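Peer 1: The structure's right below; bear with me while I get my questions together.
Number of protein chains: 2
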Amino acid sequence: MPIPRAKPTISQVAEVAGVSRASVSRAFTNPHMLGEATVARILGVAEDIGYVPNRTARALSTGRTGNVALVVPDIANPFFPPLIQAAQSLADKSDFCVFLGSSGEDPAQEDKLLSRFADQVDGMILVSSRLPEDRIRHHADARPLVLVNRDVNGIPRVLIDSGVGVAQAVSHLADLGHRRIVYLGGPSQSWSNRQRSAAVHKSARAAEMVVETINALVPTHEAGRQAAGAIRETGATAVIAFDDLLAQGVMAGLSELGLSVPGDLSVVGCDDVLGAATYPALTTVSNRSVEAGEQALSLLLDHFRSGALGDVRFLMDTHLVLRATTAARSLGRQAGVAQPVRKGA
Amino acid sequence: MPIPRAKPTISQVAEVAGVSRASVSRAFTNPHMLGEATVARILGVAEDIGYVPNRTARALSTGRTGNVALVVPDIANPFFPPLIQAAQSLADKSDFCVFLGSSGEDPAQEDKLLSRFADQVDGMILVSSRLPEDRIRHHADARPLVLVNRDVNGIPRVLIDSGVGVAQAVSHLADLGHRRIVYLGGPSQSWSNRQRSAAVHKSARAAEMVVETINALVPTHEAGRQAAGAIRETGATAVIAFDDLLAQGVMAGLSELGLSVPGDLSVVGCDDVLGAATYPALTTVSNRSVEAGEQALSLLLDHFRSGALGDVRFLMDTHLVLRATTAARSLGRQAGVAQPVRKGA
DNA sequence: CTGAAAGCGCTAACAG
DNA sequence: CTGTTAGCGCTTTCAG
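Taken in sequence, the protein lines are chains A and B.
Counting in this note's numbering, the first sequence runs from 17 upward without gaps.
Counting in this note's numbering, the second sequence runs from 17 upward without gaps.
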């Protein structure tokens, strides 16, 4: 068995197998166009000398790269890895490679990543994009694009509808006697945030509760911790956070302020990414990020096969996951606004 | 401003600017070879018609792709995202795109991913590879390769030396009076696992403690939970887990068995990926995954510039992070092996 | 400083 | 069924 020196090319296989380059190419991409024997011989030789088609050259020639790009706001946010994992794993099965981009919650960065990826991929998945709509359209114009948790008309999108889970959370709190709650919001450019905020307000109105909004621009543990002071000042007896990270941070912050959960305040998160890892175990809204990732990739693959795929809007619903951070309104905290103690976030 | 129809190519710029294709190319890659005025004009035209060099074509021509691959065993394991984030962010600054692969802890899958990436990247980073050494060498032969948490002679590698942190953990437990501990191991192909295991045994011997080893093949919460029974059966009073996920799982499992931490058993994790999110807050060994990710990428970039970079072996040390899951040996649990109650993992 | 020409490795008509 | 001939879009000698 000859040990190949340089990376073997199609010509070498052609020569050894005694066929044209075209035949070698066909043996790999359209074997049914060749005689069985020929294919076998070619593949044999290729195997021997360790030839494997060069994806870059192929891409240049065909215009198809066999790559997709996946862009998220922050890989380190536990909401995304399962989604990425799912998409990557599915891509794998179709022999696609995936580029990963993390924008750091920065629209400009997101824009830059997309441009960089554009000519190396057959399509892209944009998760929780913070980009203005016209930029999204711009990129969708260059390449097939599917959105996750972002609702832009005419662009294929898969949406996790946390609205219903959030509504359940609000009425659950209402049942427990809470009359005044705070919604601790996330990134202002986030579709999920707008959706959740809207759901909280709507349900609260229906239950005749008052809701105050406090905004944590970045959905991190730390931002949640810093918001605890401001939350206390509102005199609310329960808080619904944009996501679990924020909720967990709030719990930490509250605890530093000497307040107990759910004794003094009830808290509910969103996305269920922490499992029962907090203490007390966090009541939260389910997420379906794995399915969302699969669905998004699957839509993209469909698109590659069947041309365009219209105005898909794939909605997945959610529900409240009851654990241990909610309880009946504490009587000691019902009277109204507490004394300002410290500046919040 | 003319709205460009199809994706503009170099020829169009050349035509409009009234120069050769070669000049356009040079305006982008070697501006200093051209007259200032020419460069300005070309870049202006390019801007106008929205031309941007095609990375695929460039790659085919130059052999340099401007891409790197990053392969990890499991994106969903919280140890990896910060590392990925760090590497990606650094790559970004040098205008590199990164392919992400998640092998699902499966060597065969890892192999497949690497082959798929090979001809589309200038180099790869293999994190916590589960591949046999000869396969790693094989891939390193095809492309510049840097390893993280895998120690193969002659291949550039950055190693997080959890050995020292683990040693501190053992002596800390010894100080607390523990005489019998268990090491809950991780993936058998994991270099980190071998390193940690060795450190535990060595330090324990020095402190005249006895250590039993239980193996959880996969480092997940669930595997840890299932191991709790087996751990109890050993009669040990403390457990050191391969990583935080396992440790957290053990805590959950122990709690289901009615055992309290650190009252009945002390537990220490490794990697510090959970922060203080467990309850009680987990005592663990620090990690430096962000630096590891940066360092690995940085080595790769160095390699691209300066040719080969010898036998680099970059070691980063760690230390014990004391929190709340360790305490003095419980007297009630010192007598020896408890009754078998349930089968462990 | 700039143009002409020859590919990078592969695929895709178009002929036989 | 298989070979021939052009490119894909860019970079890179080599001349001038």
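Where is the CB? At the ideal position from N, CA and C, for every residue including glycine.
Computed from a prediction, not measured in an experiment: that's the story for all the values here.
Measure from the alpha carbon of H237/B to the alpha carbon of each residue in S77/B, V283/B, Q264/B, then state which is nearest.
Peer 2: Of the candidates S77/B, V283/B, Q264/B, the one whose C-alpha sits nearest the C-alpha of H237/B is Q264/B.
Peer 1: Using C-beta distances below 7 Å, list every residue in its chain close to G181/B, excluding the 5 sequence neighbours before and after it, in chain order.
Peer 2: Excluding residues within five positions, the ones whose Cβ falls inside 7 Å are V301, S302, T334, H335, L336.
Peer 1: Among residues of its own chain, excluding the 5 on either side of Q205/A, which ones have a beta-carbon nearer than 6 Å to its beta-carbon?
Peer 2: So the qualifying residues of the chain are R146.
Peer 1: Smallest Cα separation from R159/B: which of P278/B, Y67/B, G139/B, Y295/B?
Peer 2: The residue with the shortest Cα to Cα distance from R159/B is G139/B.
Peer 1: What are the residues that DSSP puts in a beta bridge with C113/B?
Peer 2: DSSP output for C113/B lists N83/B as bridge partner(s).
Peer 1: Please confirm whether D127/A has its beta-carbon closer than 8 Å to some beta-carbon of chain B.
Peer 2: Taking Cβ atoms only, chain B never reaches closer than 8 Å to D127/A, which makes this a no.
Peer 1: Report the residue from V216/A, N231/A, I230/A whose alpha carbon sits nearest the alpha carbon of E224/A.
Peer 2: Of the candidates V216/A, N231/A, I230/A, the one whose C-alpha sits nearest the C-alpha of E224/A is V216/A.
Peer 1: Taking DSSP as the reference, what is the three-state secondary structure of F96/B?
Peer 2: Helix.
Peer 1: Which runs of the alpha helix (DSSP H) at least 4 residues long sit entirely within the segment 163-202 of chain B? Give them in chain order.
Peer 2: Whole alpha helix (DSSP H) segments, 4+ residues: 178-191.
Peer 1: Between R37/A and the rest of its own chain, which residues show a CB-CB distance below 7 Å, the 5 nearest in sequence each way excluded?
Peer 2: Excluding sequence neighbours, R37/A sits near I26, S27, A30.
Peer 1: List, in order along the chain, the chain B residues whose C-beta lies closer than 7 Å to that of N70/A?
Peer 2: Ordered by position in chain B, the residues that pass the 7 Å Cβ test against N70/A are D135.
Peer 1: Is Q2/A close to chain B? Criterion is C-beta to C-beta, closer than 8 Å.
Peer 2: Residue coverage of chain A in this structure runs from 17 to 361, which leaves residue 2/A outside it and unanswerable.
Peer 1: Is V114/A close to chain B, meaning its C-beta is less than 8 Å from at least one C-beta of that chain?
Peer 2: By this cut-off, V114/A is an interface position.
Peer 1: Taking R80/A as the reference, give the member of V114/A, D135/A, L116/A, I100/A with the closest Cα.
Peer 2: Nearest option by C-alpha distance: D135/A.
Peer 1: Under a Cβ-count criterion, where at least 16 other Cβ atoms within 10 Å of its own Cβ denotes burial, should E249/A be classed as buried or exposed?
Peer 2: With 16 or more Cβ atoms within 10 Å of its Cβ, E249/A is classed as buried.
Peer 1: Within a Cβ cutoff of 7 Å, which residues of the same chain sit near S110/B, ignoring the five residues on either side of it in sequence?
Peer 2: So the list reads L317, once near-sequence residues are dropped.
Peer 1: For my contact list, V266/A and A292/A are in at a C-beta cut-off of 8 Å; report their separation, rounded to the angstrom.
Peer 2: At roughly 17 Å, the Cβ-Cβ gap does not stay under 8 Å, so V266/A and A292/A are not in contact.
Peer 1: Please name the residue or residues paired with E228/A in a DSSP beta bridge.
Peer 2: E228/A is bridged to V198/A.
Peer 1: Applying the criterion that 16 or more other CB atoms from any shown protein chain within 10 Å of the CB defines a buried residue, is R221/A buried or exposed?
Peer 2: The residue in question, R221/A, is exposed, as its Cβ has fewer than 16 Cβ neighbours within 10 Å.
Peer 1: In the DSSP assignment, what residue or residues form a beta bridge with A257/A?
Peer 2: BP columns for A257/A point to L200/A.
Peer 1: Per DSSP, what are the beta-bridge partners of D333/B in this structure?
Peer 2: Paired residue(s): D177/B.
Peer 1: Which whole-angstrom value is the C-beta distance of V198/A and A252/A, which I expect to be below 8 Å?
Peer 2: V198/A to A252/A, Cβ: 4 Å. Contact.
Peer 1: Roughly how many angstroms separate the alpha carbons of H155/B and S131/B, rounded to a whole number?
Peer 2: Distance between the alpha carbons of H155/B and S131/B is about 8 Å.
Peer 1: Under the three-state reduction of DSSP, which class applies to I152/B: helix, strand or coil?
Peer 2: I152/B: helix per DSSP, three-state reduction.
Peer 1: According to DSSP, simplified to helix, strand and coil, what is S271/A?
Peer 2: If DSSP states are grouped into helix, strand and coil, S271/A belongs with the helices.
Peer 1: Quick one: Cα of H319/B to Cα of F330/A, how far?
Peer 2: Each residue's alpha carbon lies about 45 Å from the other.
Peer 1: Between the segment 113-123 of chain B and the segment 322-329 of chain B, can you find at least three pairs of beta-carbon atoms closer than 8 Å?
Peer 2: No: the two stretches stay apart, fewer than three of their Cβ pairs being nearer than 8 Å.
Peer 1: Give the straight-line distance between the Cα atoms of V226/A and Q184/A, rounded to the nearest whole angstrom.
Peer 2: When rounded, the distance between both Cα atoms is 16 Å.
Peer 1: Could you name the residues that DSSP lists as bridge partners for G139/B?
Peer 2: V84/B.
Peer 1: Distance cutoff 8 Å, beta carbons only. Does R132/A sit that close to anything in chain B?
Peer 2: At least one chain B Cβ lies under 8 Å of R132/A.
Peer 1: Roughly how many angstroms separate the alpha carbons of L315/A and R71/A, rounded to a whole number?
Peer 2: Distance between the alpha carbons of L315/A and R71/A is about 23 Å.
Peer 1: What does the alpha-carbon distance come out to for the pair R212/B and V234/B?
Peer 2: Each residue's Cα considered, the two are about 15 Å apart.
Peer 1: Pull up the DSSP beta-bridge partners for T299/B, would you.
Peer 2: Paired residue(s): V284/B.
Peer 1: If you draw a straight line from the C-alpha of S346/A to the C-alpha of V255/A, how long is it?
Peer 2: Taking the straight line from one Cα to the other gives about 13 Å.
Peer 1: Apart from the five residues on each side of it in sequence, which residues of its chain come closer than 6 Å, Cβ to Cβ, to P123/B?
Peer 2: Cβ neighbours of P123/B beyond the five flanking positions: R146, L147.
Peer 1: Could you tell me which of G66/A, P69/A, V164/A, V40/A sits nearest to I100/A, measuring between CA atoms?
Peer 2: Nearest of G66/A, P69/A, V164/A, V40/A to I100/A, Cα basis: V164/A.
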